[in-house]
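First the structure, in the form of structure tokens, and then the observations on it.
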Amino acid sequence: MSFRCSGCRSNFTRQGDLFQHFGKSTKNACIVACNHFENSIRKPVRRDMPRHPSSSESPTTASGHTAQQFEGDFFGQEYDDADFPFFDEDEQETSVEVDLGHGTDTVDGVDESDSDDEDGMGGDVRHEPETRSAGNRTPQRHDIDIEMGSDTPMARTGPAEHLDHLRKAPAHVTHFGGQAGVAITDESLSPSAYHAYSDNVNSSRANPWAPFSSRIDWELARWAKLRGLGSNAFTELLAIEGIHEALKLSYRNTDELNKIIDNELPTRRPTFTHQVAQVGDETFDLFSRDILECIRALYGDPEHAQYLSFAPERHYTDANKTECLYHEMHTGKWWWSTQEILEKTKPGATIVPVILSSDKTQITLFRNKTAYPVYLTIGNLPKSIRHKPSRQGHILLAYLPTTRLTHITNKAARRRTLANMFHACMTQILKPLEEAGVSGVIMTSGDGVKRRCHPLLASYVGDYPEQCLVTGAYNGDCPVCECGHDELGDFPCKHNYRELDLVFEALDKLGTNEFAQACREANIKPLQHPFWEILPYANIFQSITPDILHQLYQGVVKYLISWLTSIVGEAEIDARVTRLPPNHAMRIFRKGITTLSRLPGNISTAPLVCAMRALLDFLYLAQYPVHSDTSLAFLETSLRTFHENKHIFVTLGIRNGFKIPKLHFLEHYKRCITLLGTTDNYNTEATERLHIDFAKDAYTATNHKEEFWQMTKWLERREKVLYHANYVTWRIQQSTKSTISAREEVRWEPPDMACVWRQKMTIHPSRKGVDLNELISPISKVQIVLTGPEK
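All residue numbers for the sequence shown refer to UniProt numbering, where the first residue is 1 and numbers rise by one.
So, in structure tokens, the structure goes:
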């Protein structure tokens, strides 16, 4: 069977190819044929998208079977003109006013064909007016704005047009000034981290791979430790006759290789220590590292030296400073306000924002063994480095006890004991931050520059159960504000954020008869000593951040799909999925449930489409890598639009209410973004990925007996090998001695930004002949781009 375009007379073997031809062809004859096809099916087909199969044809599924045909759609075939609310030819375009909180912008009539932004910045977000009945309603913003029989799509404006400034460099950058982040100059400059490391391993110019004897000796050791090869398998490989002599290796088996790594490679990250957590007569293992030494390791890594931020900044889209930009953590208000407090008492402070994350994960499929890792990173690093496990921007801080305390039969007592044990362990781990946060500690960055650093808790990343555990909030309540479970569905939220002083007043009554009652009045669990009560300049309720993975993808979007399935039925959704033509093993939902013209009982589809689209708009807007005051206003507008139309789910009997903590937390997104930067600074997607390296792979490398002792040792050796690999690369570059000629270009590019910002500097002629690595060291956040002949 073949299909023919009546315009150019081209034949196609599949109907989908014909629709794609209609969407791409610019010939007048093909356009006329396309318009004739559009009129024949009554609904307009957009010129910028592949066309849908006609309902009269029988498309095939991915397996090649013919899909079952419906007579009408899921709700029958009795329709009238009110079910197709498209513009008439003489109908004028309307405009909708969008209140952004600082003025009123007018959004003109729009065309659905331009809904996708070319730069991946998401679709448009528009305020939806009050919906009316299907019989007498005016054209709404969610309708397909293409006139019947028209060849020219209508113009469109929306967030994509209002947010062009997100793709441009900030017009004005305000630095904090003063002595914030200043280097200590009264002491001699320390050698860079790689120079100090070179002295410890006694490497020479002839052997940059020391303590290994040769390149092959080192490369084989790195392969054995980083590629998941078992110890016995590697020993059997080296036991093959002639291999050791032919390769001239310095080790004969896995044990000898481990001794070289343990004794001759310097320790750049702290080792794990074992402690015991005791509950009654039961004892549980706690493996942790010195948190200050972990921060030193991240802060002093020479691979990170050129990217570190030492002081807060304010970025604006215009020189008049009317539109603020938020992206990296140092552009948020938290760093700026905390720096102001420190400058009054400790001028010259360098804040090190500590970002913690904890999440229990299962490490076996059948034996139900779990690990409870705690991860640490710092906000001085750009988010592009923290997102990539290969850049080693995170460090495993601890393995917490994973016991369920099954010997405690009372469930309430068991839950309270588990919470208190968690906080007791975290208090022990974070104890060094109590004094360091107030007085500061001297830290050396990878380029050898010393500063007085104040490590302060900025963000705690976790899913909803973890947020309740950390803050002491009751399950079902909001962990950030005072909103109780019964009021989670109200919008806007009328409750204030939790006040830390009131919570401390309740916790200070520990040991008295009023303790339990005071905690209930403060709406927190009766915790003995939460770990955050010892941390200076920390507000745990402010540190709880949005979670795109669990709150939106696995939360709100999952709820939305289940609600829509309840409305249209599984049969209709499955039928539409099977009708999709195959496209490179990827299913594209070209004709979703939003094309249904009516709901049961002749209820208008407008609120349903508005509510669904508003949540999707919120999902995409929340993930912008750069935000401004305007984009945050669109974010709030989309959330408001959903709440204005969510009554459709109650009307259809799908929901009785919206007391959902994950849905309520969407109201706090704007505040968190302005305080700590965009959501990709603290999304759990990054830490979930770390479970593979720091928990699952580590467990696989053990013999599954007393596994945490082996897991910690395996991780220490792996980190040593990874650091030595970076050092060897640096030594080889040193040996080649690349030089930079005069007037070569240095280009400033903040990594992983949606918009590429460039600032060019010309090296002074007097710097001709300077070594490349010496030039990189003093420059913060600079990437060298060689453009001369010596590149």
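Don't be surprised by glycine CBs; every beta carbon is placed ideally from N, CA and C.
(Q) Can you look up Glu499 in the DSSP assignment and give me helix, strand or coil? (A) Glu499 falls in the coil class under three-state DSSP.
**Q.** Supposed contact pair Ile524 and Ala538 - C-beta distance, whole angstroms, cut 8 Å
**A.** Contact doesn't hold; Cβ gap of about 16 Å is too wide.
Q. Whose C-alpha, out of Phe212, Trp223, Leu265, Ala311, is nearest the C-alpha of Gln179?
A. Looking at the Cα atoms, Ala311 is the closest of the given residues.
Q. So what does DSSP say about Ser10, is it helix, strand or coil?
A. Of the three classes helix, strand and coil, the one that applies to Ser10 here is coil, per DSSP.
Q: Pick out the complete alpha helix (DSSP H) segments inside the stretch 229-275, 4 residues or longer, and give them in chain order.
A: Runs of the alpha helix (DSSP H) spanning 4 or more residues and lying entirely within the stretch 229-275 occur at 231-238, 243-247, 254-264, in chain order.
Q. Quick one: Cα of Phe541 to Cα of Asn263, how far?
A. Taking the straight line from one Cα to the other gives about 44 Å.
Q. Under three-state DSSP, which class holds Thr345?
A. It is helical.
Q: Please report the Cβ distance between Pro546 and Gly472, rounded to the nearest whole angstrom; I am assuming they are in contact, meaning their Cβ atoms lie under 8 Å.
A: The beta-carbon separation of Pro546 and Gly472, rounded to 20 Å, does not stay under the 8 Å limit for a contact.
Q: Tell me whether Val504 is buried or exposed, calling it buried when 16 or more other Cβ atoms sit within 10 Å of its Cβ.
A: Note that residue 504 is Phe in the sequence shown, not Val. A residue is called buried when at least 16 other Cβ atoms come within 10 angstroms of its Cβ; Phe504 does not meet this threshold and is exposed.
Q. Any idea what DSSP makes of Thr402, helix, strand or coil?
A. DSSP places Thr402 in coil when its eight states are reduced to three.
(Q) Quick check on the burial criterion: 16 or more other C-beta atoms within 10 angstroms. Buried or exposed for Asp508? (A) That one is exposed.
Q) How long is the line joining the alpha carbons of Thr235 and Ala698, rounded to whole angstroms? A) Using only the alpha carbons, I get a separation of about 19 Å.
Q | Close beta carbons around Arg269, own chain, < 6 Å, minus the five adjacent residues each side | A | These residues qualify, in order along the chain: Ala297, Glu719.
Q.
With the cut-off set at 7 Å, would you say Ser566 and Ile648 are in Cβ contact?
A. Against a cut-off of 7 Å, the Cβ pair of Ile648 and Ser566 comes out as no contact.
Q) Going by beta carbon distance, what residues of the same chain come within less than 7 Å of Ile216, once the five residues before and after it are set aside? A) Its chain contains Leu247 as the residues whose beta carbon lies nearer than 7 Å to that of Ile216, once the 5 sequence neighbours on both sides are disregarded; these appear in chain order.
Q.
Once the 5 residues before and after Ile673 are set aside, which same chain residues still bring their CB inside 7 Å of it?
A. Around Ile673, the same chain offers Tyr326, His627, Leu632, Thr679 as residues with beta carbons nearer than 7 Å, after the five sequence neighbours per side are excluded.
Q: Please report how far the alpha carbon of Lys646 lies from the alpha carbon of Phe634, in whole angstroms.
A: Cα to Cα, the separation comes out at about 18 Å.
**Q.** Spatial distance of Gly677 from Asp199 (CA atoms)
**A.** Between Gly677 and Asp199, the alpha-carbon positions lie close to 40 Å from each other.
(Q) Measuring straight from C-alpha to C-alpha, what distance separates Arg367 and His704? (A) Near 11 Å, if we compare the C-alpha coordinates of His704 and Arg367.
Q: Would you decide whether Gln733 is buried or exposed? Buried here means 16 or more other CB atoms lie within 10 Å of its CB.
A: Looking at its Cβ environment, which holds fewer than 16 other Cβ atoms inside 10 Å, Gln733 is exposed.
**Q.** Identity of the residues DSSP links to Gln362 by a beta bridge
**A.** Per DSSP, Thr370.
Q. Does the distance from the C-beta atom of Ala171 to that of Thr338 stay below 7 Å?
A. Cβ distance not < 7 Å, so Ala171 and Thr338 don't count as in contact.
Q. Does DSSP put Gln623 in a helix, in a strand, or in coil?
A. Secondary structure of Gln623 (DSSP, three-state): coil.
Q: Measure the C-alpha to C-alpha separation of Ile534 and Leu457 and round it to an integer number of angstroms.
A: Spanning the two alpha carbons is a distance of roughly 11 Å.
Q: Provide the residue(s) that pair with Asp285 in DSSP beta bridges, ordered along the chain.
A: Val276.
Q) Can the beta-carbon of Pro479 be found less than 7 Å from the beta-carbon of Cys468? A) In contact: Pro479 and Cys468 (Cβ atoms closer than 7 Å).
**Q.** Within 7 Å, strictly: CB atoms of Glu313 and Val182
**A.** No; because the gap between Cβ atoms is not below 7 Å, this pair is not in contact.
Q: Under 6 Å Cβ to Cβ from Gly448, same chain only, skipping five residues before and after it: list those, please.
A: Leu189, Ser190, Pro191, Ser192.
Q. What is the rounded straight-line gap between the Cα of residue 797 and the Cα of Asn253?
A. This structure gives no information on residue 797, because the portion of the chain shown stretches from 1 to 791.
Q | Status (buried if at least 16 other CB within 10 Å, exposed otherwise) for Leu639 | A | So Leu639 ends up on the buried side.
Q) So, Cys425 versus Leu286, is the Cβ gap smaller than 7 Å? A) By the CB criterion at 7 Å, Cys425 and Leu286 fall inside the cutoff.
Q | Uninterrupted alpha helix (DSSP H) stretches inside the stretch 437-503 (no shorter than 4 residues) | A | Whole alpha helix (DSSP H) segments, 4+ residues: 464-471.
Q) Any idea which residues DSSP pairs Ser638 with across the strands? A) BP columns for Ser638 are empty, so no partner.
**Q.** 8 Å contact criterion, which Leu663 and Val556 should meet: CB distance rounded
**A.** The Cβ separation is near 6 Å, so the contact holds.
Q.
Quick check: the stretch 430-445 against the stretch 412-420, are at least 3 beta-carbon pairs closer than 8 Å?
A. Output reads no: the stretch 430-445 does not touch the stretch 412-420.
Q: Report the rounded CA-to-CA distance for Lys494 versus Leu488, giving the unit in angstroms.
A: Answer to the nearest angstrom: the Cα atoms are 10 Å apart.
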